[in-house]
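Working notes for the structure below.
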Amino acid sequence: MPQDIQTDVAIIGAGTAGLFAMKQARKAGKSVTIIDPGPLGTTCARVGCMPSKVALHAAHLWDQREEMAAYGAHGIEQLSLDRDAVWDRVSTMRDRFAGKTEANARKAMGDDLLEGPARFLEPTVLEVALPDGKQQVVRAQAVVIANGSRPIMPDWLAPLGDRVVTTDTLFDLKHLPDSVGVLGLGAIGLEMGLALSRLGVRVIGADIARFPAGISDPELGQQVVEQFSAEFPLWLGESAELSKEDDGIVMKTSQGREKVDMILASLGRRPNTDTLNLADAGFELNDKGQLQFDPATQQVQDLPVFIAGDVNGQRPLQHEAADEGTIAGFNAVRGITRFRRRTPLSIAFTHPDIAVVGARLEDLDPDETLTGTADGSGNGRSVILGAQSNLIRLHADAKTGRLRGASLMATHGEHLAHLLAWAIQRGETAQDLLAMPFYHPVVEEILPDALQEIVSQLPEKDDLPKGFLREA
Ligand SMILES: Cc1cc2nc3c(=O)[nH]c(=O)nc-3n(C[C@H](O)[C@H](O)[C@H](O)COP(=O)(O)OP(=O)(O)OC[C@H]3O[C@@H](n4cnc5c(N)ncnc54)[C@H](O)[C@@H]3O)c2cc1C
Ligand SMILES: NC(=O)c1ccc[n+]([C@@H]2O[C@H](COP(=O)([O-])OP(=O)(O)OC[C@H]3O[C@@H](n4cnc5c(N)ncnc54)[C@H](O)[C@@H]3O)[C@@H](O)[C@H]2O)c1
Numbered sequence: 008m009p010q011d012i013q014t015d016v017a018i019i020g021a022g023t024a025g026l027f028a029m030k031q032a033r034k035a036g037k038s039v040t041i042i043d044p045g046p047l048g049t050t051c052a053r054v055g056c057m058p059s060k061v062a063l064h065a066a067h068l069w070d071q072r073e074e075m076a077a078y079g080a081h082g083i084e085q086l087s088l089d090r091d092a093v094w095d096r097v098s099t100m101r102d103r104f105a106g107k108t109e110a111n112a113r114k115a116m117g118d119d120l121l122e123g124p125a126r127f128l129e130p131t132v133l134e135v136a137l138p139d140g141k142q143q144v145v146r147a148q149a150v151v152i153a154n155g156s157r158p159i160m161p162d163w164l165a166p167l168g169d170r171v172v173t174t175d176t177l178f179d180l181k182h183l184p185d186s187v188g189v190l191g192l193g194a195i196g197l198e199m200g201l202a203l204s205r206l207g208v209r210v211i212g213a214d215i216a217r218f219p220a221g222i223s224d225p226e227l228g229q230q231v232v233e234q235f236s237a238e239f240p241l242w243l244g245e246s247a248e249l250s251k252e253d254d255g256i257v258m259k260t261s262q263g264r265e266k267v268d269m270i271l272a273s274l275g276r277r278p279n280t281d282t283l284n285l286a287d288a289g290f291e292l293n294d295k296g297q298l299q300f301d302p303a304t305q306q307v308q309d310l311p312v313f314i315a316g317d318v319n320g321q322r323p324l325q326h327e328a329a330d331e332g333t334i335a336g337f338n339a340v341r342g343i344t345r346f347r348r349r350t351p352l353s354i355a356f357t358h359p360d361i362a363v364v365g366a367r368l369e370d371l372d373p374d375e376t377l378t379g380t381a382d383g384s385g386n387g388r389s390v391i392l393g394a395q396s397n398l399i400r401l402h403a404d405a406k407t408g409r410l411r412g413a414s415l416m417a418t419h420g421e422h423l424a425h426l427l428a429w430a431i432q433r434g435e436t437a438q439d440l441l442a443m444p445f446y447h448p449v450v451e452e453i454l455p456d457a458l459q460e461i462v463s464q465l466p467e468k469d470d471l472p473k474g475f476l477r478e479a
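What follows is the structure in structure tokens.
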């Protein structure tokens, strides 16, 4: 048994959250031990944000050819796509992102990296299984839990064997199948279903939810269903039965029956808390087996223990993992500060993009909320881009017009979503935003219609033209 390691901060997981936590602890001059069994390189760069966006980009490039034909390009029908070459490019780009991230992380961690899985013995005492089979005990003043999440893989998928993949293995495929059933149409399922479908794979999508991409607003949900069911079948609102045959998997719901070569299981991700021996080490867990923590401090109960990133199950996004790691690392070494969190922002890069910003519709009181809706049919730039189906829904406080939340499906939606998130975080009202400049012709010109709908419902009326303010 090696001698115990004494450290100021032990960090479990060298992903995005863990590395940001390390930066804060180092900045305060504290000693750090960062523990990870690998593979290093972060989920985002290895099997998440980056490879998925490369695949979407490749799919979008190929998808453009039909529009080019409409603008007089000849010979489009003679083009062919080598899908395996596309996927090889996706994994090469992925290796580049992940390789660089891993190299930078190894350099930053240096000798402070302990390679092996950690588990708790006590809230500030960890045991790490080293590659040589020995157990290393780490005693810390504070601990940051940042060991991420993994794809949900229910037992009932086990009989389907290696015909089931998740995004942990999808980008390693050497040969893309001719057909894929995408089970679960959240952000991952919809993004990957579209990428594969646009690359010529026959895709069937199924989700027990009524709408894909986690949308709860029925008006937007309906528009999203119409838009994307034109690309591949979306079987929504019921669970699909799956059965294995010699040459594939049969997917069945009341909406159809199809045989596919492979299933992409995109049923969500589960936090890796279950691997940490939390209950035996004395932590209190809620009925879902999760730790209680404060999202403004990342502190667990009142212990010198902090939890950041996907593992806390709250905002499983890269920029949130970075923020939470920073907050956790800061609070682990400097005493507790409560941090104001950024406005929630999530974007699926589905082209048109789908985004949800700020408060979700279901969390707003209908009696205190005004909604403005606008679509792309009257927006010149959307028409040029073939995106008349763009739809924006804005929600604002019924008394003041202060913007609370938005959801949208739009070409260039990633930019609109940022603009709206920034306005919401600055506490701007519909009137404020309406008084901003809108260039012509841009997709942003959709916004004034939705904003005016809100302003016209506000109790206090002004006889100035909408979008104009008196000089101060
Ligand atoms: C397909 C896909 C697409 C995505 N696209 C986006 C996107 O476009 N935008 C976005 O914002 N987010 C996206 N995400 C989410 C984003 O990737 C995650 O939110 C983010 O990477 C989480 O970072 P993390 O630090 O919490 O976890 P990770 O980066 O997973 O780090 C956790 C680390 O903990 C280690 N570990 C595990 N168990 C132990 C243990 N017992 N002991 C020690 N170490 C351990 C792991 O090896 C890993 O290195 C996507 C995710 C997926 C899967
Ligand atoms: N562009 C992005 O920002 C991006 C992209 C991908 C992933 N992510 C992050 O990764 C996280 C995980 O993504 P995800 O899409 O796997 O999870 P998710 O939780 O968003 O979606 C899972 C989907 O599976 C469905 N589902 C659950 N059980 C089912 C069943 N038995 N049959 C059919 N459908 C079922 C759910 O209804 C849901 O729609 C997301 O929450 C997101 O934070 C972000």
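In the numbering used here, the protein residues as written are 8 to 479. All C-beta atoms, glycine included, are put in the ideal place defined by N, C-alpha and C.
When DSSP labels each residue in this structure, what does residue i get in the three-state scheme?
i	result
Ala286	coil
Met29	helix
Asp309	coil
Lys181	coil
Gln13	strand
Thr260	strand
Arg53	helix
Pro455	helix
Thr280	helix
Ile83	helix
Thr436	strand
Arg205	helix
Asp70	helix
Ser156	strand
Asp214	strand
Gly255	strand
Ser59	helix
Name the two residues that bound the continuous alpha helix (DSSP H) containing residue i.
i	result
Phe235	Pro225 to Ser236
Val93	Arg90 to Met116
Leu426	Gly420 to Gln432
Met416	That residue, Met416, is in no alpha helix (DSSP H); its beta strand (DSSP E) goes Leu410 to Ala417.
Smallest Cα separation from residue i: which of the options?
i	options	result
Val312	Phe127, Ile391, Ala76 and Gln438	Phe127
Asp253	Lys34, Ile314, Met269 and Leu86	Met269
Cys51	Lys406, Ile399, His326 and His425	His326
Ala417	Asp470, Phe235 and Met443	Phe235
Gly385	Pro455, Gln71, Asp91 and Gly420	Pro455
Asp91	Ala66, Phe239, Ala76 and Gln229	Ala66
Gly379	Gly45, Leu227, Phe337 and Leu180	Leu227
Leu183	Asp95, Arg409 and Pro124	Asp95
Thr376	Gly408, Leu392 and Ala355	Gly408
Ala394	Val144, Pro359 and Thr344	Pro359
Leu86	Arg72, Asp179 and Gly79	Arg72
Ala105	Val257, Thr282, Ile159 and Thr49	Thr49
Ala136	Asp11, Val208 and Arg53	Asp11
Pro158	Met29, Arg101, Leu398 and Asn279	Asn279
Ser186	Val171, Thr436 and Ile195	Val171
Ala220	Val208, Gly207 and Val189	Val189
Leu68	Asp139, Ile83 and Ser273	Ile83
Leu352	Gly342, Pro323 and Ala339	Pro323
Gly244	His425, Leu203 and Gly263	Gly263
Leu283	Gly196, Leu47 and Pro124	Pro124
Gly412	Leu392, Glu435 and Ile391	Glu435
Ile215	Gln230, Trp242 and Glu451	Trp242
What residue range does the beta strand (DSSP E) around residue i cover?
i	result
Met269	Met269 to Ala272
Arg400	Leu398 to Asp404
Val135	Val132 to Ala136
Gln143	Gln142 to Ile152
Met160	Met160 -> no beta strand (DSSP E), and no H or E assigned at all.
Lys468	Unbroken run through Lys468: none, as it is neither H nor E.
Thr173	That residue, Thr173, is in no beta strand (DSSP E); it is neither H nor E in DSSP.
Val39	Val39 to Asp43
Val449	From DSSP, Val449 is part of no beta strand (DSSP E); its letter is neither H nor E.
Leu190	Ser186 to Leu190
Glu478	Element bounds for Glu478: n/a, residue is neither H nor E.
Leu243	Leu241 to Leu243
Notebook entry, point to check: Taking contact to mean at least 3 C-beta pairs separated by less than 8 Å, is the region 362 to 380 in contact with the region 54 to 71?
Noted result: no
Notebook entry, point to check: What are the start and end residues of each continuous beta strand (DSSP E) run of 3 or more residues lying completely inside the region 325 to 392, in chain order?
Noted result: Runs found: 352 to 355, 360 to 365 and 376 to 382.
Note to self: Between the region 105 to 123 and the region 33 to 46, can you find at least three pairs of beta-carbon atoms closer than 8 Å?
What the structure shows: yes
Check: Is the number of C-beta pairs between the region 17 to 36 and the region 328 to 337 that are closer than 8 Å three or more?
Finding: yes
Notebook entry, point to check: Within the chosen definition, does the region 368 to 385 reach the region 305 to 324 through at least 3 CB pairs nearer than 8 Å?
Noted result: no
Margin query: Does the contact criterion of 3 or more C-beta pairs under 8 Å hold for the region 124 to 138 versus the region 279 to 294?
Written below: Yes, the region 124 to 138 touches the region 279 to 294.
Margin query: Would the region 158 to 169 count as touching the region 241 to 252 if we require 3 or more Cβ pairs under 8 Å?
Written below: yes
Margin query: Quick test of the definition: if touching needs 3 or more C-beta pairs under 8 Å, does the region 108 to 115 touch the region 267 to 283?
Written below: The region 108 to 115 makes no contact with the region 267 to 283, as fewer than three CB pairs between them are under 8 Å.
Next item on the list: Could you tell me whether the region 468 to 476 touches the region 440 to 450, where touching means 3 or more Cβ pairs closer than 8 Å?
Entry: Segments in contact, yes.
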